[in-house]
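With the first letter of the sequence shown counted as 1, position 225 gets the number 354 in this note's numbering; the numbers rise by one all the way through. Every residue, glycine too, gets a C-beta built ideally from N, C-alpha and C.
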Amino acid sequence: MRQFDYSFRYKNKTSDQVSVWLANPPETQRQTILQEKKHPPRQEDKDIIGNTISYYELAPGEQIQASYVVGIEKTSKSSTPLTKEERERYTRSSPMIPVNEEMTHMASAITEHATTDKEKGWELFVHLVKNYSYTFPVKARGVSHFLKEKKGDCGEYSFLYASLCRSLGIPCRVMVGAFAMGRHQAHVWNEIYIEGEGWMPVDTSMAYTVRRQLWRFFFSSIRTLSWRSYFGHLENQRIVFSIDTEHTPSPPYVKEGGSTENVYQSFPLAGERFVWGKSSLVGTIPYFQPMYFYYHSDKPYQLKKTEEALGDWNVKESGKQKGFLLARTISGYLAFFMAFLYLFTGWEIASILFPFPALIYCLSFLVRKERPLFFSLASCFFGAVSLLVTLGFLSEFI
């Protein structure tokens, strides 16, 4: 089991009261909450699919904080059969994940040669990876918009994949969470339920990115897989904030009213005009990433930063993986400093010292199993240069 430190903070920077619904990281077949520390909520509710939602009411300037130690297993711990309520939940139609004649026809055409649910899930996975493009930010959110534009972010990929799976009667859920890459590294993916195997992860947007835009992750701390492996496997470097979409809030969300068009800029969501912080989606909260809120005042207030809409959150690796990442950061800065120093001053000692932190930097990628082919070659190169420099230095004293 790998461990991650997750911290969350939200401060009411508005001039009026704010109601906040905060998702606590759920327990899943892969995820375990090892430690929790948070401000006591006014109330807390758990739904039938495992989400626990804390409710707060914050005065201007008031804030809430929460911290967790989250354990992630590489493989699922069990394959508990779905209850009737769970199966109905994960095959239902909703504004975010429509199940209708159009989607059923599309899904059936894509999977016409497949027989099992797993084979159908694979065919749908390949179709999305090969026929849609990743882009961020998006101009609208919803299955119909994604079908039309054929480009969207991880959320759009996940909503469409869930819609297609559910249209075939395959239980599918949306997992909303974040990569363990520090601050605000949000991500969304899917899980499909296969009889006898349980919940299986499927990440169509990561598969596309690795297949077509690998440069996005070349120097990142995420251990990318081959694109096909994202059907059934994950890199084990992410946590889940909440499960699925369209959550019924408790207490109920305040009905929209007044001049909301002057409060926040609207955004097309599931075919509707949506005002974040003032609107609900047919009485539900669209998704928790990891919070949603209601701004009580009708006075105009424009969201300027991510933390004003979603909270300020950070997810980091712990243990030896954190140590390797720290070594990478320090060695990377040292190598850059040496190269910069030699380039602008011509100081030869800087060029002699440069290969050593560069070697440590490349080795950190190998130890963490990130882009092993490239960094194996780079490590060999800087290792050879470092050896030659060391031998040359020793020869001066022999």
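Residues of its chain near residue i, where Cβ-Cβ distance is below 7 Å and the 5 sequence neighbours each way are ignored
i: I544; result: In the structure as shown, the chain begins at 130 and stops at 527. Residue 544 is therefore absent and cannot be evaluated.
i: R216; result: P300
i: V496; result: F453
i: W328; result: Q158, S205, E320 and Y322
Residues bridged to residue i [DSSP beta-bridge criterion]
i: E173; result: S183
i: S148; result: E186 and Y423
i: D282; result: DSSP, once it has assigned bridges, lists no residue as partnering D282.
i: R352; result: Its beta-bridge partners do not exist; DSSP assigns none.
i: Q194; result: R138
i: K445; result: D134
i: M304; result: W318 and I372
Opening and closing residue of the beta strand (DSSP E) in which residue i lies
i: W251; result: Element bounds for W251: not the beta strand (DSSP E) but the alpha helix (DSSP H), D246 to N260.
i: Y135; result: R131 to K140
i: M329; result: G327 to V331
i: S480; result: Taken as a continuous stretch (DSSP letters only), S480 belongs to no beta strand (DSSP E), being part of the alpha helix (DSSP H) at E477 to L482.
i: L439; result: From DSSP, L439 is part of no beta strand (DSSP E) but of the alpha helix (DSSP H) over T435 to L439.
i: Q164; result: Q160 to K167
i: F403; result: E401 to F403
i: P397; result: F396 to L398
Nearest to residue i (by Cα), restricted to the options the options
i: E437; options: W476, N141 and D134; result: N141
i: V149; options: V317, E477 and G440; result: G440
i: E401; options: H313, K433, V369 and V272; result: V272
i: T338; options: E324, R357, G327 and P330; result: R357
i: E173; options: K451, V444, S379 and P397; result: S379
i: K434; options: Y382, E525 and H313; result: H313
i: P170; options: P189, I193 and K428; result: I193
i: F485; options: Y382, Q431 and F510; result: F510
i: Y462; options: K277, W405, S447 and A487; result: A487
i: T209; options: E285, D145, E326 and E230; result: E326
i: G190; options: V514, T458 and D145; result: D145
i: S515; options: G361, K498, C491 and G250; result: C491
i: L456; options: A479, G448 and I489; result: In the sequence as presented, Leu is not what sits at residue 456; that position holds Ala. Out of A479, G448 and I489, I489 has the C-alpha closest to the C-alpha of A456.
i: L520; options: F275, I481, Q342 and L343; result: I481
Counted within 10 angstroms of its Cβ, other Cβ atoms place residue i as buried (16 or more) or exposed
i: F494; result: buried
i: F522; result: exposed
i: K407; result: buried
i: V411; result: exposed
i: K279; result: exposed
i: S262; result: exposed
i: D116; result: Because the chain is modelled from 130 through 527, residue 116 falls outside the range shown and cannot be assessed.
i: T353; result: buried
i: E248; result: exposed
Contact set for residue i: own chain, Cβ-Cβ below 6 Å, skip 5 residues either direction
i: A195; result: F137 and K167
i: E202; result: M130 and R159
i: E214; result: I177
i: W442; result: F137
i: M310; result: S350
i: T264; result: K280
i: V383; result: Y423
i: F346; result: T353
i: T389; result: Low confidence applies here, because T389 scores a pLDDT of 47, under 50, leaving its location unreliable; read the following figure in that light. If we look at T389 and ignore the five residues flanking it on each side, its Cβ neighbours are V404 and K407.
i: P397; result: A269
8 Å CB neighbourhood of residue i in its chain, flanking five on each side removed
i: F417; result: W150, L151, A152, N180, I182, V305, F370, S371 and H376
i: K451; result: K445
i: Y290; result: L253, F254, L257, C301, N319, V331 and T333
i: V228; result: T220, R221, S222, S292, R295 and S296
Start and end residues, alpha helix (DSSP H) containing residue i
i: E227; result: One detail in the question is off: residue 227 reads as Pro in this sequence, not Glu. It is not in any alpha helix (DSSP H) - P227 carries neither H nor E in the DSSP assignment.
i: Y322; result: Not the alpha helix (DSSP H): Y322 falls in the beta strand (DSSP E), residues A315 to I323.
i: S524; result: P501 to S524
i: K213; result: K213 to R218
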